[in-house]
Amino acid sequence: MSNFCESYISLMENEAILDKYGLFRAKVPRFTSYPPANRFELDTGRRHQSDWLRDVEADAPVSLYVHIPFCKRLCYFCACRTQGTQTLKPVASYIETLVREIRSVRAELPSGLKMGRLHFGGGTPTILDVELMNRLCESIYTQFEPASDFEFSVEIDPTEASDDILHTLADWRLGRASIGVQDFEPRVQETIGRLQSFDQTKSVVDRLRDLGIKSINLDLVYGLPHQSENTLSATLDRVLTLSPDRLALYGYAHVPQMSKRQVMISSDDLPDARSRFRLAQMARARFLANGLHPIGIDHFGAETDSLTRAAKAGRLRRNFQGYTDDPFTTLIGLGASAISELPGGYVQNAVATAGYHERVQSGGLAGHRGYAMTPKDRALADLVQGLMCFGRVDLAELKQRHPTQVARIENAVLGLGFRFPDAVEMAAGALTICPEAMSLTRVLASAAVSEQDGVGSLAI
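All residue numbers for the sequence shown refer to numbering that gives the first Met the number 0, where the first residue is 0 and numbers rise by one.
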């Protein structure tokens, strides 16, 4: 029997434990932050944003996230904050407002501050033409000097990535490209409104490597309509031929009540919860059999990938961009709906582009919603980070870091041991999620904090 088959069978044997603890019924946050963004409060961002920006320390670089909320096509499966456009006119107007926000944010920050990371997300950042991309990058690099270990990454849609724009990004020191694949099965692509051939994807990957881009990341989605183990396996065959440095495997969240475009996808065409689980486990087994290393709950990396190295060294972190090796604790979000992680808490910019334009034009800053972090929140956030990044929480270390929250930490950690005895174990002062129960990580994180924060379920 092949190593793949052995791994796959092993991964499938624990469904009873997972079902016992509610995996197939759970509605829990993705925990790219704690508290999750649905806990943010109106006007907290506007009230505190300026003060929190001034509190950023000058001697540590910051990370910048820039949101480009435009697409020429709106994929039905996507729940991101985006809008469709067939011309660059609204995009050009948005970039001008973005340039103004960049200047206003930089004016609030201490002098001498450097930029350690820069990421363009969307939407479709590569919808910009060369002139607009140069305008945006010049504004950022003028206001923020790159640090010595600076990294620039961009999300790329292979169907909207001209050779000119890829070359322009390389000129601005692009080091890592994240490419959405989702699934190569034609029927799945048609149903989710994203037609993207393997040849298109391979062409962009090859071009990026020709331009010297060192890290290529591919994003896949399981749980899509009409997806089966056979069709996903065929997609994995093709994906692995591209030799990605990093892979992300996200579960599709069907939330048409939140993302109206998802009404185009019939729930009858979606795999049920157990089938979703088997899709994810099949893909995981394939990745491990092909030498990729598991990172957190949904990432896989080559031996040489920076995220793999960070996970092995205990430096893995999780923020609004997902898993990261970014060592910088301040994240500044720019653009509509972008979220900042600042010394005092979280700030989210106005979500709609019209509201974003209005706020920047009237006051320079775009903060709207937000959350002021308390000592309790910071302790629980570190607990969630430990579970999500390493499947482990060192009780003594966590209590030492948060001495005023000892009782809360003990209740949360020991409570997990009491409620989930078949899924976690306590040894040498640390709680560890059992390997066969790693699929429960988000369920465990939600259970650990829900009783401690006094709000009950954190489901989204």
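Just so you know, even glycine gets a beta-carbon here, dropped at the ideal spot from N, CA and C. Owing to the predicted nature of the structure, the values given are computational and were not obtained by experimental measurement.
Roughly how many angstroms lie between the CA atoms of residue i and residue j, to the nearest whole one?
i    : j    : result
Q51  : D58  : The sequence shown places Trp at residue 51, rather than the Gln named in the question. Approximately 16 Å, taken between the alpha carbons.
V442 : L241 : 33 Å
Y7   : F276 : Caution applies to Y7, whose pLDDT of 43 falls short of 50 and renders its modelled position unreliable; the value that the coordinates give is listed next. Approximately 12 Å, taken between the alpha carbons.
Q181 : Q199 : 14 Å
G455 : M114 : Unreliable positioning characterises G455 in this predicted model, as indicated by a pLDDT of 41, which lies under 50. The coordinate reading is nonetheless provided below. Between G455 and M114, the C-alpha separation is close to 38 Å.
R206 : A247 : 21 Å
V383 : A446 : 10 Å
T96  : S103 : 11 Å
P89  : G83  : 10 Å
I264 : F299 : 28 Å
G21  : L173 : 42 Å
N2   : A288 : With a pLDDT of only 46 at N2, under the threshold of 50, the placement of this residue in the model should not be trusted; the figure read from the coordinates follows. Roughly 7 Å separates the two Cα atoms.
R460 : R317 : Only positions 0 to 459 of the chain appear in the structure, and residue 460 is not among them; the question remains open.
E40  : L364 : 17 Å
P467 : T329 : Lying before the first or after the last residue shown, residue 467 is absent from the chain, which here runs from 0 to 459.
V129 : P434 : 47 Å
R283 : L131 : 39 Å
R208 : N216 : 12 Å
L386 : P243 : 26 Å
R391 : R418 : 16 Å
I191 : D268 : 11 Å
L235 : P402 : 47 Å
L394 : S361 : 48 Å
R358 : N229 : 49 Å
G416 : F389 : 17 Å
A312 : Y322 : 14 Å
I212 : I155 : 13 Å
Q188 : E396 : 46 Å
F327 : S152 : 15 Å
Grab the span of the beta strand (DSSP E) containing residue i for me, first residue to last.
i    : result
I408 : Run containing I408: none in the beta strand (DSSP E); it sits in the alpha helix (DSSP H), V405 to R418.
N13  : No beta strand (DSSP E) holds N13; DSSP gives it neither H nor E.
N355 : The residue asked about is misnamed: residue 355 is Tyr in this sequence, not Asn. Y355 -> not in any beta strand (DSSP E); alpha helix (DSSP H) instead, spanning T352 to G362.
V61  : V61 to I67
D271 : That residue, D271, is in no beta strand (DSSP E); it is neither H nor E in DSSP.
E424 : V423 to A426
A247 : R245 to G250
Have a look at the options and flag the residue whose alpha-carbon is nearest the alpha-carbon of residue i.
i    : options                   : result
E159 : Q142, L17, R172 and G179  : G179
L135 : D393, R237, L394 and I164 : I164
A272 : R358, Y251 and P145       : Y251
D325 : K88, R116 and A78         : R116
S161 : L127, L379, L63 and L333  : L127
R237 : S196, M387, H225 and E435 : S196
N13  : V412, T373 and D421       : D421
I67  : R80, G362, P60 and C74    : R80
L17  : H225, V423, P109 and S258 : V423
T303 : S214, M437, R285 and M257 : S214
G334 : L397, Y355, K71 and A427  : Y355
L63  : R24, L87 and G120         : G120
In the DSSP output, which residue or residues are listed as bridge partners for residue i?
i    : result
P35  : Per DSSP, none; premise fails for P35.
S177 : E154 and N216
K113 : E144
G344 : L341 and A371
S438 : S438 is not bridged to any residue.
Q82  : F69
I432 : V423
Over what stretch of residues does the alpha helix (DSSP H) that includes residue i continue unbroken?
i    : result
T141 : V129 to Q142
V204 : F197 to D209
P89  : K88 to E107
I264 : It is not in any alpha helix (DSSP H) - I264 carries neither H nor E in the DSSP assignment.
I126 : I126 -> no alpha helix (DSSP H), and no H or E assigned at all.
T307 : S305 to A312
P185 : P185 to I191
I164 : D162 to D170
Please check the pair residue i and residue j, which I expect to be a contact at CB under 8 Å, by giving their CB distance rounded to whole angstroms.
i    : j    : result
Q142 : G366 : Between G366 and Q142 the Cβ distance is about 18 Å, and since that is not below 8 Å, they are no contact.
Q320 : S336 : Rounded, the Cβ-Cβ distance is 14 Å, inconsistent with contact.
T167 : I296 : Incorrect: roughly 35 Å between the Cβ atoms, too far for contact.
E107 : R53  : 6 Å
L278 : Y221 : 4 Å
E150 : R175 : 6 Å
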